[in-house]
Every structure is written in C-alpha cells, then in structure tokens.
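Number of protein chains: 4
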Amino acid sequence: MAGSSFGEQFKITTFGESHGEAVGVIVDGVTPGLELDIAYIQKQMDRRKPGQSSVTTPRKEYDKVHILSGIFEGKTTGTPLFIILYNSDMRPSAYDDIEKLFRPGHADYTYLHKYGIRDHRGSGRASGRETAGRVAAGAVARKLLEHSGVSIAAYTKEIGGIKCETYAEDEIEKNAVRACDPVAAVKMIEKIEELAARGDSCGGIVECRIRGVRPGIGEPVFDKLDADLAKAMLSIGAVKGIEFGAGFAAAAMLGSEHNDQMNQEGFLSNNAGGILGGISTGEEIVFRVAVKPTSSISLPQQTVNLEGVDQTISTVGRHDPCICPRIVPVIEAMACIVLVDHYKRQAAMHDQRLVDLL
Amino acid sequence: MAGSSFGEQFKITTFGESHGEAVGVIVDGVTPGLELDIAYIQKQMDRRKPGQSSVTTPRKEYDKVHILSGIFEGKTTGTPLFIILYNSDMRPSAYDDIEKLFRPGHADYTYLHKYGIRDHRGSGRASGRETAGRVAAGAVARKLLEHSGVSIAAYTKEIGGIKCETYAEDEIEKNAVRACDPVAAVKMIEKIEELAARGDSCGGIVECRIRGVRPGIGEPVFDKLDADLAKAMLSIGAVKGIEFGAGFAAAAMLGSEHNDQMNQEGFLSNNAGGILGGISTGEEIVFRVAVKPTSSISLPQQTVNLEGVDQTISTVGRHDPCICPRIVPVIEAMACIVLVDHYKRQAAMHDQRLVDLL
Amino acid sequence: MAGSSFGEQFKITTFGESHGEAVGVIVDGVTPGLELDIAYIQKQMDRRKPGQSSVTTPRKEYDKVHILSGIFEGKTTGTPLFIILYNSDMRPSAYDDIEKLFRPGHADYTYLHKYGIRDHRGSGRASGRETAGRVAAGAVARKLLEHSGVSIAAYTKEIGGIKCETYAEDEIEKNAVRACDPVAAVKMIEKIEELAARGDSCGGIVECRIRGVRPGIGEPVFDKLDADLAKAMLSIGAVKGIEFGAGFAAAAMLGSEHNDQMNQEGFLSNNAGGILGGISTGEEIVFRVAVKPTSSISLPQQTVNLEGVDQTISTVGRHDPCICPRIVPVIEAMACIVLVDHYKRQAAMHDQRLVDLL
Amino acid sequence: MAGSSFGEQFKITTFGESHGEAVGVIVDGVTPGLELDIAYIQKQMDRRKPGQSSVTTPRKEYDKVHILSGIFEGKTTGTPLFIILYNSDMRPSAYDDIEKLFRPGHADYTYLHKYGIRDHRGSGRASGRETAGRVAAGAVARKLLEHSGVSIAAYTKEIGGIKCETYAEDEIEKNAVRACDPVAAVKMIEKIEELAARGDSCGGIVECRIRGVRPGIGEPVFDKLDADLAKAMLSIGAVKGIEFGAGFAAAAMLGSEHNDQMNQEGFLSNNAGGILGGISTGEEIVFRVAVKPTSSISLPQQTVNLEGVDQTISTVGRHDPCICPRIVPVIEAMACIVLVDHYKRQAAMHDQRLVDLL
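Residue numbers (the numbering used here), protein chains in the order written: chain A, 352 to 709; chain B, 352 to 709; chain C, 352 to 709; chain D, 352 to 709.
Listed below in structure tokens is the structure:
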C-alpha cells in the first residue's frame, strides 16, 4: 500500500489536498445495521473545524458532511461508506509567494525529494486538512464503540509551558483550548493570543483517556494495541511523541513501584496505562502525545529556494497559533478507529459462528 | 493478519515461545544477490543474548543461528530466509509455582482474557525471547542498509535516574549497559547490582541515531516514517513511549525555536529529528524510547490467582534487573527493518524499470 | 480489509452503489510525474458506458470523469488520485416491485444473509456499475504501462455458442460485440437481438492478450502473476472461470506436447500462456474468462419473497442482454492494475536505489 | 508482502526449498482452545506424500510433522503455530547436469530473470515440495471447519483424456489416482503407467466440493469467495485454470437456463456453484481446476543453456507422471484456508462482542 489507508478490518482510506476541490474518506468494514445520522458525524466535524474561536485559524471550511454511499434508510449497509467534504475556502493564490521556497517545519523539502514534483498550494497531503476525513470516519467508529460502552475523551494537558493542575472533565469542551483545567485554560488563551500577535506559535501536550474497553483487546507481538495507537498518533502531522501510562517517567521508577499489583478488587494502580503485553487490561487506557508548535509563523525565518539560494521567509496565512484545541478531535478519531479495528480482530480470532470451543 | 508479521515489502513473521522448542523468523522480500554470512547475523544475536555480564540474566541461550532456506552459495536468492534459534535452556518447571497466579506487570492476565487459555510456562509470546527472531531479521536488513551508507546505533541514555552527560560513541559497546557516557555507565552498573541484590529492578531511556538516510524516505499520511518507527518500537514488550527529535520538549517551545531553518549549507538545527511530514530530511534521524523496569522481581507483591483470591507472589527466576542493555540491539533491528521496508516502497513508487518520467 | 481494496503498491479502493449518488475510486501509489489528461481516462470510460449500441442497456450514464485530487498542472503528484463518477440516471423506484423478492442469478439472497440488511434498489455493490471506478483506475495503470511498451487488449471470443474463427485485431473495436472475427460478430449481434426480443440473455468467452511484459514479473508462491490475475478476473461479477494458455485443454495433453521448448530464437510454443512458476516468460500473456448470461431477464422465473413464499418474477429494467462487449474494458482495466502492481513489487525487490548487488 | 503469505485473519507464511534442509509454515490467527493432535495433521500429510503408489514419485519424504510452537497440552493457544517438515531425501547432486540448462515447463528461466540468481538444485520455491507446508496448515483449518459442519473433498475427474462417468464418493480414496469413478480409475492408472514407461506425462482435471457452508460467507467486490479461491488454486504450481459451477459451459447457456431459480424448498439448480455475488448461497460450492502435465519428462526436449546456446535435455529424476492424485490434498488444504479466513472475516464484520444491532 502507498500509505493512504489505515486499519485492517475497519479500514479507512483518505484522499484530498488542502487546496484541491475536496477531501474525504472511504470507510470499509462498517458493521451493518448501525443507525447513523449525518448530524452525529457533523458534530465531530464541527469540533475540528477552523474558525471556532480567537485561538484558531479564521479559514472557514464549513466541513459539511456528505455521505454518498454505504447507508440506506438511516442505517449502514456494511458496504463502504464514502464521505466527502468539499473545500469551500481555498485560496491557492495565497501561496504564490512561497512557490519556490521551502517553509521551515513544513514538508515542502521532503515532498520534493520524495516525489520529484510538488504541488506548492498549501501543504497538500501534509496539511492538517487531510485529517477532516479521519474525523468523519472516527465518528462512525465512535458510534460503534458507544454500543459496547466505550468512551473516548482527549483534552489539552499543557500549552506553551502552562500545565493543567486539575482534571475537571466537564470543563473541557467549555473552553477554547479544550483544557481540563479552566484556570490554566485562561492563561493558555492569553499566551496564545500574545504569541499570535507577535507572529509566533507554541506547542503542547494532549492526553487521551479511553474507558470501558474490556480486557483482551489487542494482538500480541507486532500489532499490540499500544503499538497501533502509537502509529495512529504519530501519523498525525504535528505529533512528535507518545507515552502510555507512566510513560517516560517509568524510566526512573523501580519495578516495585511501576508494577501494577492486584487484589480481589482489581488493579491497585495503572502505571501501565491500561495495556499489558499489548493487550487491554480493562483499566482506563491513558496516553499523552507531544504536539509541536505550528510551523507556519509570520516571524521572518531563514530558508532556501528551489535553487538552494538563501532566502528569508515569513509565512503569512490563516493558521492556528497552537494546534492543540483542534488536534483533540483528531486524536479521539484515530483512537476510535484503532479500537474498533481491534475489537473486530478479536471477534475474528474467536469466530464464534465457526466454533465454540472454550 | 493476526499480529505476528511486520513490514510490507521487507516482511518478517516470527513464531515461538520462551519455553517451547525454538523461536525464529521468516524474512520475505530479501533483495536477491546479497552476500550474507551466518557470522554477520550471529554477531547481532550475541549482542542480544543473555548472560553477557553481571547485569543480565544468567539464563544461557546460545542463540546459534541456523538458516534453513533462502540462501545459496553464500548469497540470498530472493526467496524467504528462514532462521531458527533452538531454545537450549528451557526450564518450564520453574514456572509451576506461578501456574495459577497473575504476575504483576506481565501479560498473564491479559493473555488469559484474550485467548481464554494460557501457556503458563514463561511469558509465551510476550517474552523478550520472541525478539531473538527480530534481531536475526534485523541483521539482514542492516546488511542491506550498509550498501547504501546507512548506519544505525542505539545506546542507553539513562538508567534508574542516572543520566548520560556526554556522548562518547566509541564507549558504547565497551560497557555492560551500552551507555554513551562511560562515567555514568559505572554508576548505572552499581545501581543495577544494588537493585538486583534487593530483588528489585529499574527502567531507563534508550536513544537511537540513524545516519545516512537520504531525503525522501517515508510515506505520507498513515505510513509516515516516524509512525512506522513508533509502531515498531512500541511493539517491543517493555517500551512505554517514544519521542522524535525535540520530542516532548517541543510542547514548551515556540514555533520560532522549534522550526529547523535552512541556509545553503543545509538545516541549521534538527528539532524535527530528521523527519518532516513523515519523510526523511536527510539529517540524522533521532528518537528516544522509554523502557519500563523489568516486571519480574523477587520482592513480594500482591496479586490474585485464577479464582480471583488474594495472593502474594515473588517471581524467582533468571531475569535482567534492567532491560536497557539487551533492548539496544532489538531497537536497532526494528529500525533497520522499518528503513529497508520504506526504501523498498520508495523504489516501488518510482518503479524505474517501468517508467522514467521525471 | 473488508474487500473494497485491491493491489499492494498500486492500490485501488472503490465505493458506491448503482442507485446511489456516485461511484468512484481512490488510486494510491501512482508514480509521480506522469502526464495524465482526463480525456485519456474518459476514453476508457466511454468504452464501458451503457447505451453504446443496440446490444447494450439504454440506461444512460455519461460517466463523466472528475479528478478531485492527486494531480497538479497535468501531472500526477504521487498522492492519491480521487476519481468520482456521479450517477446521472438513477431510477430506484423502478426497483420497488422487487423490494421483497430475490432475483434469480443476483446477489440479493446472499447479501441479505451476509449483512442482515439489504438496499433493494438495484444491485448495490454487486452491480456492474461498481466497475466504473475500476475502469478509471485501470486507465491510469494503462498509461504507466505504455511507458514500458506493454499493451493490453481483450475481445470477445465466443457469444451464445457462436465462436470466432479468425483473429482480426483491427476489427475488434469496430463491431458492437468487440469480437475478433467480424463475420462471427454479425451472427452474435443477431443472436443477442433475438434473445433480447424474447426477454432472455446469453453468455460468452472473452480472451485477453498482454504484450511486451518483460520476463521476471510476478511473485512466486501465493502472489503468482496468474494467481493475482485470476483473483482480479473472478472479482468481476459475471465471471465464472479463467484459464491461461492451453488452459483446460492442458488436461488432455501430454507433457511432451504441453511443455514449451526453447531454442536460441526463444520459446517454440506458448502453452503456458506467458507465465511459468507464476512469473512472466516474456511471451504474450494469454487468458480467457467465462462470462455467464446476464441474470436480469424478463422471462418469468420462480423465486421466493423475503418470507420464503413462492413467487414469480420477471425482471423488467434496462439491462444488457449479453455482458461481453462491456466487460472487455473492465477485464483490460483489472489486468493493467495487476501488472503495474507487480512491476512495482519487482522494483521494490531489487530496490536499485538501496543497493546494486548483482 | 513478497508473496510467501496468504490469508488475512487466518494467515499462512511458508518457507523452504525442495532440496534445502526443511520446508514449513507459520499459521497465524488460529482460534485458541482447539484440540489438535499431530496425528490429525499427519494424516493429511500422508495423503500428499510421495511414494504412495506406482503412479507417484519414488522420492521418499516421510513428511513427519513437528509443531514447535502455538500448542499447549494438546490445545491451540491462539499464538502462531509453527510446523516444520525436515527434508529427508535430498539429492541435490542429481541436478548437477541441469545446472546450466532451462528445463522446459519449469520456472528456471523465469526465476533467473526475476532474481538474477538461481538455486539450480531442484525447483526451489517453485517445487511441489513447497505445498507440504500448505497441507499442514490446511489440516488446522479443516479441523476448525469440522466444528461448524463444513466438509471439503476434492477428487480426480479426468486424467489423460479419460473422464469419470460416475460419482462414487466412497471410492475416491480407495484408488491410486483419487478418481470418483473406480472403472475410469483403472484406465487412468494404466494410461499413467504406459506414459511413465515412455518417459512422458499427462494432465487432468480435479473437482472440489464443499458442503455445509452457511449462506453469507465471502466479501463483495474484490475479495469475493470465488476470487479468493481462484487465487488460492492458481497459486498451486501446476494449475492452469479454474471454473465454478457451470463454469465455461455457462458461455453457451441462456440466462433462463443458467439462473438458479428458487422455491420454498430452496434453489432448484446450482449452476452458480454455490456462490452469488462472491458470497456463499448455502448450496454446495463446486469448482474444477485444470492440472497441466508434469513438466519433468525423460523424453528429449529442445532447450538452451545459460548462454542461450541450443541444447537437448532429458529430465531424469524422481517425478510423478501425473500430478492429480497428489494435488488433491493441496487443493483441499487451500480451500480450507480460504474458508476459515472468510468465516473469520464474517465474524469481524458483525463483531458480536462489540454491538448487537440487527
């Protein structure tokens, strides 16, 4: 495969560039008979869409969901869902100035080396816009997970060096940065606005919690649940790291501290982050991802042009000064897709319809 | 697939349990005509094998490499290499005491919930022993990479809270913990020995540097080079996190700091860790993985038995008090496999024999 | 995967039902830098479209090609091509009468048993309309093959018991049934018109010849070139069999007759059909497929309704009385896709950019 | 992948050459908890092994089954089964004479063009010996199918132009050619012995019947059940064609004849061969494969050497004059593997543990 598909039994294939006519996704392997209305998907799209607040890009993509196949009388048929999102606010000419420059932090340089040809209008497939299809597909997966009592929630844990001190679940969707601490959220927003005014940007950390996954989900060896989640998260453009449970802090812990002991009530701690040997323990699955600062900034930066000659670049455009708030629904979407895929693989392993052996 | 295969055009499939008769690997997609001698593979196996020093398990597995197919007169034929490593020091009876207990930090509990059946002798597929086949396959990939000037080296960066302060490349293979700082190495070894004496264990951080990868390797969107490396690393039992370049530190950086600017000499920094948009930049690829403390410790721990009744467990056995030194060649092996696979996919994309368009 | 994707390095994923809003395809793994104009693809679509002559269905689908991504300034970029074909002549209400009946020869009964739910308007994914996306993708593959001198041509060999006696290559696209014998073509057309008048249908045999494939294409063991071609052809709805070279006639031949001997000029015969051990010999690749009679006929037939009660059905609609003429471009398209995929896999095997060993 | 793996949820990967040390298979995705004894697998191996009668090669491979992983206390654990079959009767020196010649009908020429290097001892991966691993894996799949009441039986239908006139199921395993007509079997054996005496060989047709498959198995579009069976069968070296149900005869039938009508008792005929739209109907699945004459014959044939100079070759060795009797268990094995894989995919589609929607 050439890299635009993800998943095995619940499989998504995306297409589209940021400044083309549309982006979208084919979702193959959808459980048939699922009641699915467009409003449910649209709700997730709206969480991702630009222009939600002062801290996101003013680019307006209404991201209106169109389902062109795979649904009949409000229910999935089991055949591929095709979801398309027409691009409504393309301004490719805005990119004329940078046609011959490599933008620092962007994939311009690497795409040209990979393909020998480059569409310079926006970031093409490397654009955050590509994730719109993922969020649409993720909504379908989320709907399936709801039926088995699984819930997924990601939120901002840290932005620009400001850390959340509390975990107030109900506050997350109420503030513009989707932080779990409303006090920290206010400081984060101030910080972002200040940086935006200077033409700079900042990064952050997003945490994700998944509840209700029954023990036994995940395949040993290469397709461990955490390995597949790691791949899913690192496949999101701005993500530079991931850690599960105690994560990097485990490096300084003793075995006697890190091991999650058990008694008849269950696990006494969750340093493992809900996954042992690549398989879910039934505890909350917890991971954090490192989000880099937005690459597009208007401060002048050194770069070269296609001929390798020194140039100065200042990326004027409509960009989020911090990606965290809008990456939250993308992280949730990818987590939903990984989980449904692994639930389906677990069903295949036991293939109850074939044999009932145990 | 059921999780025991990895890679697409250079593909490995492993089999075997820690206390069965053998472990091994089928390597499919090997470039034909490669000169390959067993000693070259054996050298990598010897770096992974137990019993190398006071800080590794005294279990003796000679890990003698047997190649049963895919080679003819010292050269690869392009057909699947099959490499088998017979287990020479199985003591399954050593596990009789824990037949009905879940060892904390191990996959006993999750395997039973996944499969409904469990082989209690050792950790089965979740054992570090499974990685022997990966190291053998990785040696083949490494040989291919040598031909294009790519080198891979991993080393211990931190153990038990003790951090390396210097980077002395030549010292790495000279100390028992494979640390890049010989002074820190002495302290690490003392720490490990002290913990081992108390029946405890510790974790650490391993860093990997890959040099000589030309720009353009990696597939956009889901099969990004960093996404595939992340999956590969998280598929190793004890790994709980990964970060590329500046990694989690990027969360507190500004865009103007994190962006790697360029001039006509090349990149001015490498916060990206050698990968932009999922594709290699030509700079050094750098990532770090978090290694958890060894789960098997002899200190008493709380657990339950198969009936859910509270029990105390003390894992007596032959285990590494710190996995870092022996995980180094496994990390290198997986990195080699990911890279060869992506080099091959790049060749497929341009398919020079089919067309020459650019 | 759930069955809507085909290929590995050149990979197509289709979506869409016959009476939904659109059908289409994502083509991933396209060689970058390929000059590709819409007219080239449209030409192949027009060969497949209905309403071409008296022997094809009067349903009018203009099948106008829209490419929404993967192309820039007339050249492929290497990112996924997305091609959509809006359905322009849906009449789902025409299917109201058969909402509760299983049409003989159709997949109505099996879809309901598979999914537990059925979209009764037309044949959904089992409709020949699904192949429109394949033909579009196949045109891209064909363009790539042209660059290496490979040509593919399929044609009708037999219809309704009338066999071609000659092979006149230039006549194929000149007659309405795409037969290689213009005299037989006249009889075939008469036969089809007569059957159509009676409300019946007929089958036939289509042969495909591929020239210019260099020796060495195809993977041994499971992904043999003939195995992948067989899968590709049997994945087309109406195909019930395939044979290569001498095919079923080989069953009655001696080894001394069937073996293709060689001398310094090359092969002395081509009973193998251009493939030995699953790998191309450099000779013409020749295979034939059996095409069943169109299932939709207006003659009354016995069937049951959803409750299992006996019913009589007469399928009134707009259907081809013989599928052969319109299946020809679908067979060519799938052959092109298989070949490009295998050319790319051969490039990956030798990965010239990585090593040059031989 | 490089071609040595088959299947998705029940996946086999084979290795080994005819004159190397061993052949074998990793079977991944085995349902856990299955009672599996070696004798059950050995029984299938014995049906495939050489030296069973006067009509098979005298080469003696005891094909003793060794399972090195994936089984514990007589039950499968769900982790990969590894089955190895050591080669016991290699005589690579017997091939010295042909080191520099291309044997007609063999893959010598194509392997050299593909890989640029060739192991001339026997046929390497193209040897029928590679199928030993398939038969071992197929026995595991067969055991799983038994639990759901599915039975698979292949048998010789025609050899050397002699056709079976009756279908006597109980006679199949009683005659040396596994023909379904004992009278025809006697003539077939005479014919084979006569040809063997002259140094020639012959082909035949093998039919396979699968009973008890419930309706709904198979994926629409590309992974149709018949498409996957076709690929599986064409992946067997000597197979040159396949047809389902009425097969090639459908080309001369009318729609009114070919359509399988229904009444409340079920289907009134089975021209479809048990598959409609790529999905099982619940009727018997029936297909036939064309088997070419054995390529190795001792009659002199024209060929060229590595330098392209004309030569005469006479393949002296231990070969079956007709492959049909020994291909029967290979065909059954591949059919079992395809079916279990599709049963598992059907389980994944409905993922009962996740949701129960219908």
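Cβ coordinates follow ideal geometry from the N, Cα and C atoms, glycine included.
Bear in mind that the values here come from a model prediction, so they are computed numbers and not experimental data.
Cα atoms of B/His609 and D/Ala483: separation of roughly 57 angstroms, rounded to the nearest angstrom. Secondary structure at D/Tyr391: helix, using DSSP grouped into helix, strand and coil.
In the structure shown, A/Tyr460 falls within a helical segment according to DSSP collapsed to helix, strand and coil.
Taking the beta carbon of A/Asp470 as reference, the chain C residues within 7 angstroms of it are Phe423, Thr428, listed in sequence order. Taking C-beta separations shorter than 8 angstroms and ignoring five residues to either side along the sequence, the partners of A/Val564 in its chain run Val501, Gly625, Ser631, Gly633, Ile636, Leu690, following chain order. Residues Gly380, Val691, Asp692, Lys695 of the same chain have their beta carbon placed closer than 6 angstroms to that of C/Phe361, with the five preceding and five following residues left out of the count. Counting along the chain, A/Arg562 sits inside the beta strand (DSSP E) bounded by residues 555-562.
Membership of A/Thr482 in the alpha helix (DSSP H) is indicated by the continuous run 482-497.
Residue burial is scored here from C-beta neighbours: D/Ala488 has at least 16 other C-beta atoms within 10 angstroms and is therefore classed as buried. Across the set C/Ala547, C/Lys575, C/Gly606, C/Pro644, the C-alpha of C/Pro644 shows the shortest separation from the C-alpha of C/Val590. A Cβ-Cβ separation of about 6 angstroms places C/Ile593 in contact with D/Gly592 under the 8 angstroms criterion. By the criterion of at least three beta-carbon pairs nearer than 8 angstroms, the segment 463-478 of chain B is in contact with the segment 558-576 of chain A. Taking a 10 Å sphere around the C-beta of A/Ala390, we find fewer than 16 other C-beta atoms and assign the residue as exposed. At least one CB of chain C lies nearer than 9 angstroms to the CB of D/Ser646. Taking C-beta atoms as the reference points, C/Asp551 and D/Leu605 count as a pair closer than 9 angstroms. Going by DSSP, B/Tyr518 is part of no alpha helix (DSSP H) at all; its letter is neither H nor E. Under a criterion of Cβ atoms nearer than 8 angstroms, the residues of chain D adjacent to C/Ile556 are, in order, Phe599, Ala602.
Using a CB distance cut-off of 9 angstroms, C/Pro383 counts as an interface residue toward chain A.
Residues of the same chain with a CB within less than 7 angstroms of the CB of D/Val655, apart from the 5 flanking positions on each side, are Phe453, Asp661, Gln662 in chain order. Taking C-beta atoms under 8 angstroms as the contact rule, B/Val681 and B/Gly555 fail to qualify, at a distance of about 14 angstroms. Each residue's CA atom was taken as its position, placing B/Thr428 and D/Glu368 some 11 angstroms apart. At least one C-beta of chain D is nearer than 9 angstroms to the C-beta of C/Leu605. Judged by their CB atoms, C/Thr666 and C/Ala527 are not nearer to each other than the 9 angstroms cut-off.
Think of a sphere of 8 angstroms around the beta carbon of B/Met539: no beta carbon from chain C falls inside it, the nearest being about 37 angstroms out. The alpha carbon of B/Ala547 has as its nearest neighbour, out of B/Arg560, B/Ile561, B/Gly511, the alpha carbon of B/Gly511. Under the DSSP definition of a beta bridge, B/Gly617 partners with B/Asn614. Partner residues in the beta bridge of B/Phe638, as assigned by DSSP, are B/Cys559, B/Phe595.
Against chain C, a Cβ distance below 7 angstroms from D/Phe453 picks out Met613. Spatial neighbours of A/Ile678 in its own chain (CB-CB distance under 7 angstroms, excluding positions within 5 residues in sequence) are listed in chain order as Val557, Ile587, Ala589, Val642.
Counting only residues of its own chain and dropping the five nearest sequence neighbours on each side, C/Thr430 has a CB closer than 6 angstroms to the CB of Gly421. Between A/Leu580 and A/Phe638, the C-beta spacing is below 9 angstroms.
For the options A/Ser649, A/Arg549, A/Cys675, the alpha carbon positioned closest to that of B/Ala602 is the one of A/Cys675.
DSSP places B/His417 within a strand segment (E or B) once states are collapsed to three.
With a cutoff of 9 angstroms on beta-carbon distance, C/Val374 and C/Ile435 are scored as near each other.
The beta-bridge partner set that DSSP reports for C/Thr632 is empty.
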